[in-house]
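These protein sequences, in sequence, are chains B and P. Counting from 1, one number per residue, gives the positions in the first sequence under this note's numbering. Counting from 250, one number per residue, gives the positions in the second sequence under this note's numbering. Where a beta carbon is used, it is the ideal one built from N, C-alpha and C, also for glycine.
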Amino acid sequence: MEQVQYHIRCKKNEVNKAVLLPGDIERADYIGTKFFNKSKKITENREFHIYNGTYENKAVAVCSTGIGCMSAAVAIEELTNIGCKYFIRVGTCGSLSPEIKTGDIIIVTGAVRGDGASKEYVPIEYPAVADYRTVNALRTRAKKQDTDYKLGIIRTHDAFYMESPFAFGDYKKRITIWAEAGTLAIENESSTLFVIGSLRKVQVGTILVAAGNLITDKESTKHGLQKSIDKAIIIATGALVDLQEEEKK
Amino acid sequence: MKKMHHLQIIPGQIGEFVIMPGDPGRCHLIAEHLENPQLIAKSREYTTYTGKYKGLIVSVTSTGMGCPSATIAFEELIMSGAKYFIRLGTTGALQKNINIGDIIIPTSAVRLEGTSVEYIPIEFPAIADIDIVDALIKVTHNKNKKFHIGIIMSHDAFYKGSVFADTDFLKREQVWIDSNVLSVENESSALFTIGYLRKVKVGTILTAVANHLTRNVIIDEEKINPIFHQMTDICLEAFKNIGKE
Numbered sequence: 001m002e003q004v005q006y007h008i009r010c011k012k013n014e015v016n017k018a019v020l021l022p023g024d025i026e027r028a029d030y031i032g033t034k035f036f037n038k039s040k041k042i043t044e045n046r047e048f049h050i051y052n053g054t055y056e057n058k059a060v061a062v063c064s065t066g067i068g069c070m071s072a073a074v075a076i077e078e079l080t081n082i083g084c085k086y087f088i089r090v091g092t093c094g095s096l097s098p099e100i101k102t103g104d105i106i107i108v109t110g111a112v113r114g115d116g117a118s119k120e121y122v123p124i125e126y127p128a129v130a131d132y133r134t135v136n137a138l139r140t141r142a143k144k145q146d147t148d149y150k151l152g153i154i155r156t157h158d159a160f161y162m163e164s165p166f167a168f169g170d171y172k173k174r175i176t177i178w179a180e181a182g183t184l185a186i187e188n189e190s191s192t193l194f195v196i197g198s199l200r201k202v203q204v205g206t207i208l209v210a211a212g213n214l215i216t217d218k219e220s221t222k223h224g225l226q227k228s229i230d231k232a233i234i235i236a237t238g239a240l241v242d243l244q245e246e247e248k249k
Numbered sequence: 250m251k252k253m254h255h256l257q258i259i260p261g262q263i264g265e266f267v268i269m270p271g272d273p274g275r276c277h278l279i280a281e282h283l284e285n286p287q288l289i290a291k292s293r294e295y296t297t298y299t300g301k302y303k304g305l306i307v308s309v310t311s312t313g314m315g316c317p318s319a320t321i322a323f324e325e326l327i328m329s330g331a332k333y334f335i336r337l338g339t340t341g342a343l344q345k346n347i348n349i350g351d352i353i354i355p356t357s358a359v360r361l362e363g364t365s366v367e368y369i370p371i372e373f374p375a376i377a378d379i380d381i382v383d384a385l386i387k388v389t390h391n392k393n394k395k396f397h398i399g400i401i402m403s404h405d406a407f408y409k410g411s412v413f414a415d416t417d418f419l420k421r422e423q424v425w426i427d428s429n430v431l432s433v434e435n436e437s438s439a440l441f442t443i444g445y446l447r448k449v450k451v452g453t454i455l456t457a458v459a460n461h462l463t464r465n466v467i468i469d470e471e472k473i474n475p476i477f478h479q480m481t482d483i484c485l486e487a488f489k490n491i492g493k494e
């Protein structure tokens, strides 16, 4: 497929096959320029900023997805079309557990499909499950970094102003069912990324940093949060290195 | 102490580790692998044995067929103190590359059953505990058995989704075949969902005894019993490894 992909504006093999997927464009720039060696900007179109680079001498890439499953699905579909195979979303989330404080790191095993995009792909009873090899690679790197993390199910949804500290009306009432089920946190992209990963046989995982707590209403300081995000980026990029090594064996 | 309503067991009579087959008639095959296995209770479709394996106290409890009876067994076992669970059973393959006799280790399950929906809305994922999955993969790999890892589908109506179903069954299953679902069975999705809600560790190991695409199926006991012994060996070693950690 020599065709340029419609939104990300790249062709086959132009993007390294192990890709970090932050939501924020600026975070893609930050990762590409501050964490990668031999960093090279590939394209920039709409909310998709793409860089190639190396990390521990392995080829890696980063592509921002924008907010929400709609644009995230476009990103992972088009990256898969051009040969990408390993994906780790790295982003922020709102904690649904009093035990998960702002700045804490979460490694995700599966996601509640509260989004609309994944329902167009496959019926709702199909599980949004993270690739287990990717979950294990993230766990291994977190241990290596001496970083504590929580492991479990999160909720993905579409309407930020229905379920966030900035939401209209009684948002706590809306999230109670998920908090009581032990759902760790809430964000906007993972469920669709996981479903598409299973359907297209590519490996997808997610690592998140709690940016606020929806139960205790605590926000994090910008500085404290950045330290945790840096940790999550280092864990995720390391995991992409290990996953490529693992495949060689 | 009061006996559990359906299982007719009391806490203290079972171990923290439980193997759960569907069929009460196969519990004794599994119990044979334990040291000094004791028949604890027999009630309805629930038969329970307790014995020892390399220092661990392990129980075997049948669940009966389907999520309604399986979740009753699961809830009563949790109330009785069990913490680690492996469902052990048979399955119908949905992919061409899965042969009869191949082992399947699910990471998660499609919730095409009615029971788990009473617990939590359908968009919640039915995920197997990753530590149980890892332990099963390691042991199966070390035994050099052919196995597949991925998503399975759990459903309620055998005569709508099996090789014995009416002729349209493949049409209904096409969406799952196209979505890379490995195989079909009847209990895992509710066990995975409730396992997460109750904060216990649960996984599943299955062996394909049918393939829906080729319509091959085995039903004779002489062929199926060795499959159960093989899976029991894997479950017990997996429990031993988890017990060590």
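Would DSSP call residue i helix, strand or coil?
i        : result
P:Pro370 : coil
B:Thr109 : strand
P:His255 : coil
P:Thr312 : coil
B:His49  : strand
P:Asn465 : strand
B:Phe168 : coil
B:Pro98  : coil
P:Ile353 : strand
B:Met1   : Residue confidence is low: B:Met1 scores 48 on pLDDT, short of 50, so the model does not pin down where it sits. Its coordinate-derived value is still stated next. Note: B:Met1 maps to coil in three-state DSSP.
P:Asp383 : helix
P:Thr481 : helix
B:Asn13  : coil
P:Asn490 : helix
P:Gly261 : coil
P:Gln423 : helix
P:Pro270 : strand
P:Leu361 : strand
Find out if the Cβ-Cβ distance for the pair residue i, residue j is shorter than 8 Å.
i        : j        : result
B:Leu208 : B:Ala18  : no
P:Pro374 : B:Val204 : no
P:Leu431 : P:Ile347 : yes
P:Glu436 : P:Arg360 : no
B:Thr206 : B:Ser118 : no
B:Val4   : B:Ala61  : no
P:Ile327 : P:Val433 : no
P:Ile483 : P:Lys392 : yes
P:Thr356 : P:Gly399 : yes
P:Gln262 : P:Ile279 : no
B:Gly116 : B:Asp158 : yes
Contact criterion: CB-CB distance below 8 Å. Does residue i meet it with respect to chain P?
i        : result
B:Ile82  : no
B:Glu125 : yes
B:Ala236 : no
B:Leu240 : no
B:Met1   : Residue placement at B:Met1 is poorly supported in this model, since its pLDDT is 48, which falls under 50; the coordinates still yield a value, given next. Answer no: the Cβ-Cβ gap between B:Met1 and chain P never drops below 8 Å.
B:Arg89  : no
B:Gly110 : yes
B:Ala185 : no
B:Leu225 : no
B:Arg113 : yes
B:Ala181 : yes
B:Leu199 : yes
Kindly say whether residue i, judged by its beta-carbon, lies nearer than 8 Å to any beta-carbon of chain B.
i        : result
P:Pro260 : no
P:Asp405 : no
P:Phe340 : Residue 340 of chain P is actually Thr in this sequence, not Phe. Not one chain B Cβ lies under 8 Å of P:Thr340.
P:Phe396 : no
P:Asn490 : no
P:Lys392 : no
P:Glu470 : no
P:Ser318 : no
P:Arg336 : no
P:Arg275 : no
Using a Cβ-Cβ distance under 8 Å, would residue i count as near chain C?
i        : result
B:Leu208 : The structure shown contains no chain C; the protein chains it does contain are B and P.
Report the CB separation of residue i from residue j in whole angstroms; it is logged as a contact under 8 Å.
i        : j        : result
B:Ile88  : B:Leu240 : 6 Å
P:Leu283 : P:Tyr295 : Not a contact, Cβ separation roughly 18 Å.
P:Phe323 : P:Ile443 : 6 Å
B:Ala130 : B:Phe194 : 6 Å
B:Ser190 : B:Val135 : In fact, because the Cβ distance is near 12 Å, the residues do not count as touching under 8 Å.
B:Lys11  : B:Val202 : About 18 Å separates the two Cβ atoms, so there is no contact after all.
State yes or no: is the C-beta of residue i nearer than 7 Å to some heavy atom of the ligand ADP?
i        : result
P:Gly261 : Ligands displayed in this structure: none; no statement on the ligand ADP is therefore possible.
* Pair every Cβ in the segment 209-219 of chain B with every Cβ in the segment 124-144 of chain B, then say whether three or more of these pairs are closer than 8 Å. => No, because fewer than three Cβ pairs between the segment 209-219 of chain B and the segment 124-144 of chain B fall closer than 8 Å, the two stretches do not touch.
* To do: Decide if the segment 63-80 of chain B is in contact with the segment 172-184 of chain B; the criterion is three or more beta carbon pairs, one per stretch, under 8 Å apart.
  => The segment 172-184 of chain B and the segment 63-80 of chain B do not touch, with fewer than three beta-carbon pairs separated by less than 8 Å.
* To do: Could you tell me whether the segment 305-318 of chain P touches the segment 261-281 of chain P, where touching means 3 or more Cβ pairs closer than 8 Å?
  => Proximity of the segment 305-318 of chain P to the segment 261-281 of chain P meets the contact definition, three or more beta-carbon pairs being nearer than 8 Å.
* Asked: Do the segment 365-373 of chain P and the segment 342-352 of chain P make contact, defined as three or more Cβ pairs closer than 8 Å?
  -> These segments do not touch.
* contact_flag[the segment 405-419 of chain P, the segment 379-394 of chain P] where n(CB pairs < 8 Å) is 3 or more -> Under the Cβ criterion (8 Å, minimum of three pairs), the segment 405-419 of chain P does not count as touching the segment 379-394 of chain P.
* Spell out a yes or no on whether the segment 147-159 of chain B and the segment 95-109 of chain B are touching, meaning 3 or more CB-CB pairs, one atom from each, closer than 8 Å. => A contact exists between the segment 147-159 of chain B and the segment 95-109 of chain B.
* Segment contact flag, the segment 159-179 of chain B with the segment 73-82 of chain B, C-beta cutoff 8 Å, min 3 pairs -> Cβ pair count under 8 Å is below three, so no.
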